[in-house]
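Chemist: Below is one structure. I have some questions about it.
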Amino acid sequence: MTSMPGSGSRTGGTMRPPADATRLARFTRAERWVHRCTSALMLLCIATAACLYLPQLAVLVGRRRLVTTVHEWAGLLLPVPLLLGLASRALRRDLGRLNRFAPYDREWLRAVLWRSYHRPAGKFNAGQKLYAGWIAGAVVVMLGTGLLMWFTGLAPLAWRTGATFVHDWLALAVGVVVLGHLWMALQDPEARRGMRTGSVDRRWATREHPRWEPADDEQQADEDHLADEEQQADEEPAADGAQPPGDGRPAGGGQPSSPRSSR
Numbered sequence: 026m027t028s029m030p031g032s033g034s035r036t037g038g039t040m041r042p043p044a045d046a047t048r049l050a051r052f053t054r055a056e057r058w059v060h061r062c063t064s065a066l067m068l069l070c071i072a073t074a075a076c077l078y079l080p081q082l083a084v085l086v087g088r089r090r091l092v093t094t095v096h097e098w099a100g101l102l103l104p105v106p107l108l109l110g111l112a113s114r115a116l117r118r119d120l121g122r123l124n125r126f127a128p129y130d131r132e133w134l135r136a137v138l139w140r141s142y143h144r145p146a147g148k149f150n151a152g153q154k155l156y157a158g159w160i161a162g163a164v165v166v167m168l169g170t171g172l173l174m175w176f177t178g179l180a181p182l183a184w185r186t187g188a189t190f191v192h193d194w195l196a197l198a199v200g201v202v203v204l205g206h207l208w209m210a211l212q213d214p215e216a217r218r219g220m221r222t223g224s225v226d227r228r229w230a231t232r233e234h235p236r237w238e239p240a241d242d243e244q245q246a247d248e249d250h251l252a253d254e255e256q257q258a259d260e261e262p263a264a265d266g267a268q269p270p271g272d273g274r275p276a277g278g279g280q281p282s283s284p285r286s287s288r
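The following block contains the structure:
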């Protein structure tokens, strides 16, 4: 069973192959944990924001002060799952993939515009990369403007007024984009299953992500495992209080003799 982020063992950031040979390991448990927690906090922010800004929902829900408090803390905690998940090597590798645009990503965008079925993509397609980058930037802006609105003593009135304007309109844009993301996910059951279970069908991977090479993930996972074992082996002598070899001292603990001392 895979451990949570921060584990130094093999299960901390590696993907074990699924028992079914027709499936491919796609996401580790740590990555799925980050996605679920972030999704829950994001949906909580959107739901509470709707209750604060839509009069019909505000009257229906009531308890405006409680809704405001939940909204503030959900927004403040929004980046926490990702920050904790950085302990996972698999998550860091996938963040690197999301942050890099390859030439075939432009081909994917052109194929979408022209409604072509030939859409080359690696582990993540260009749409997923754009969505991840946009959401990451939006969360940073929403967090900054939200803090200015929450702690009124941080900035003058003009700044708080501008922060409120940006926060409100960007919140509307985030809600629309997240709903679009959910709609796309509903159209792809196998992608949802991959995020839920960690594995996907090989035929789906070949069709939707033809440039993705799962063997690279397995090779990197093996290299990470070897690095962990070497680090653990180096730490064991120090933990036992033994003298590490190769320090130039004899086993008896005395000083090494020199040619002058023998005369």
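Using my numbering, the final residue of the sequence shown is 288, and nothing's skipped along the way. Cβ atoms here follow ideal geometry from the backbone N, Cα and C, with glycine treated the same way. Bear in mind the structure is a predicted one, so any value in this text is a computation, not a measurement.
Can you round the beta-carbon distance between M167 and G100 to whole angstroms, since I take them to be within the 8 Å contact cut?
Modeler: For the purposes of this step, residue 167 is identified with residue 142 of the sequence shown, where counting begins at 1. For the purposes of this step, residue 100 is identified with residue 75 of the sequence shown, where counting begins at 1. So it is a contact: roughly 7 Å between Cβ atoms.
Chemist: Is V201 buried or exposed, if buried means 16 or more other CB atoms sit within 10 Å of its CB?
Modeler: Position 176 of the sequence shown, counted from the first residue, corresponds to residue 201. Result: exposed.
Chemist: Leaving aside the five residues before and after L195 along the sequence, list all residues of the same chain whose C-beta is less than 7 Å from its C-beta, in chain order.
Modeler: What you label residue 195 is simply residue 170 of the sequence shown in a count that begins at 1. Correct list, in chain order: A163, V166 and M167.
Chemist: How would you write the range of the alpha helix (DSSP H) that A210 sits in, first residue to last?
Modeler: By one-based count along the sequence shown, residue 210 stands at place 185. Its alpha helix (DSSP H) spans residues L182 to L211.
Chemist: Would you mind sorting S113 into buried or exposed? The rule is 16 or more other CB atoms within 10 Å of its CB.
Modeler: For the purposes of this step, residue 113 is identified with residue 88 of the sequence shown, where counting begins at 1. Under this definition S113 is a buried residue.
Chemist: Report, in whole angstroms, the separation of the C-beta atoms of A55 and A115, which I expect to be a contact under 8 Å.
Modeler: In the sequence shown, residue 55 corresponds to position 30, counting from 1. In the sequence shown, residue 115 corresponds to position 90, counting from 1. That pair is a contact at about 7 Å.
Chemist: Where do the N-terminal and C-terminal ends of the alpha helix (DSSP H) with R321 fall, by residue?
Modeler: No answer is possible for residue 321: the residues shown for the chain start at 26 and end at 288.
Chemist: Just curious, the beta strand (DSSP E) that S224 is in, first and last residue?
Modeler: Sequence index remark: in the sequence shown, residue 224 carries index 199 (1-based). S224 -> beta strand (DSSP E) spans S224 to D226.
Chemist: Are the stretch 82-102 and the stretch 129-145 touching by the rule of at least three beta carbon pairs closer than 8 Å?
Modeler: No, the stretch 82-102 does not touch the stretch 129-145.
Chemist: State the Cα-Cα distance for the pair C70 and H96, rounded to the nearest angstrom.
Modeler: Position 45 of the sequence shown, counted from the first residue, corresponds to residue 70. Position 71 of the sequence shown, counted from the first residue, corresponds to residue 96. Going by the C-alpha atoms only, they are around 5 Å apart.
Chemist: Answer yes if the stretch 184-199 comes into contact with the stretch 232-242, meaning at least three C-beta pairs across the two stretches below 8 Å, and no otherwise.
Modeler: At 8 Å Cβ cutoff, the stretches do not touch.
Chemist: Cβ of F149 within 7 Å of Cβ of L107?
Modeler: In the sequence shown, counting from the first residue as 1, residue 149 sits at position 124. In the sequence shown, counting from the first residue as 1, residue 107 sits at position 82. Against a cut-off of 7 Å, the Cβ pair of L107 and F149 comes out as no contact.
Chemist: Using 7 Å as the threshold, is the C-beta distance between S227 and T47 below it?
Modeler: The residue given as residue 227 occupies position 202 in the sequence shown. The residue given as residue 47 occupies position 22 in the sequence shown. According to the sequence provided, residue 227 is Arg. The question's Ser does not apply to it. Yes, these two residues count as a Cβ contact at 7 Å.
Chemist: In three-state DSSP terms, what is S64?
Modeler: Here residue 64 corresponds to residue number 39 of the sequence shown, with the count starting at 1. Here S64 sits in helix by DSSP.
Chemist: Assign P281 to one of two classes, buried (16 or more other C-beta atoms within 10 Å of its C-beta) or exposed (fewer than that).
Modeler: Translated into the one-based positions of the sequence shown, residue 281 becomes position 256. Confidence in P281 is poor, its pLDDT being 49 and thus under 50, which makes the residue's placement too unreliable to answer from.
Chemist: Using the beta-carbon count (16 or more within 10 Å), is V199 buried or exposed?
Modeler: On the sequence shown, residue 199 is found 174 positions in, with the first residue counted as 1. Answer is buried; the Cβ neighbour count reaches 16.
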